[in-house]
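In our numbering, the protein residues as written are -10 to 112.
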């Protein structure tokens, strides 16, 4: 689990901005809440969750993320982040650490786009 924590720490650092923002705008509260929850899961997976707890948390976030609609400009990025969350949950449940999924360049670009939107649009 130590390897998971240290290797995913960089991913968590990239998303810390989500925790620092307040409530979302009236037109997209579910999106903002789901994005914040996912970032918290990524962060917790490096700090305190066991592999099984992380698998459950990623799976729950992926399910919640599928239920909300991202702003049109983020649709493809949100889909990629959601799919990756689900894939990480599966990897963790299978005994892998999912780090390669979280460090994928395409995922990182999408995750950055989502976090930037939350930083700028969720208040």
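Don't be surprised by glycine CBs; every beta carbon is placed ideally from N, CA and C.
Legend entry - When 25, 22, 54 and 40 are compared against residue 88, the one with the closest alpha-carbon: 40
Legend entry - Inter-residue spacing [alpha-carbon to alpha-carbon] between residue 112 and residue 19: 13 Å
Legend entry - Limits of the alpha helix (DSSP H) - the one that residue 68 falls within: 64 to 82
Inset, instruction - Let me know if residue 37 comes out buried or exposed under the rule of 16 or more other beta-carbons within 10 Å of its beta-carbon. - result: exposed
Legend entry - Cβ-Cβ distance between residue 55 and residue 95 below 8 Å: no
Inset, instruction - Pull up the distance between the alpha-carbon of residue 76 and that of residue 33, whole angstroms please. - result: 17 Å
Legend entry - N- and C-terminal bounds of the alpha helix (DSSP H) containing residue 120: It is not possible to answer for residue 120, since the shown part of the chain is limited to -10 through 112.
Legend entry - Residue range of the unbroken alpha helix (DSSP H) whose run includes residue 95: 94 to 110
Inset, instruction - Could you pull out every residue in the same chain whose Cβ sits closer than 8 Å to the Cβ of residue 60, ignoring the five residues on either side in sequence? - result: 17, 20, 106 and 110
Inset, instruction - Measure the CB-CB distance between residue 78 and residue 51 and report whether it falls below 8 Å. - result: yes
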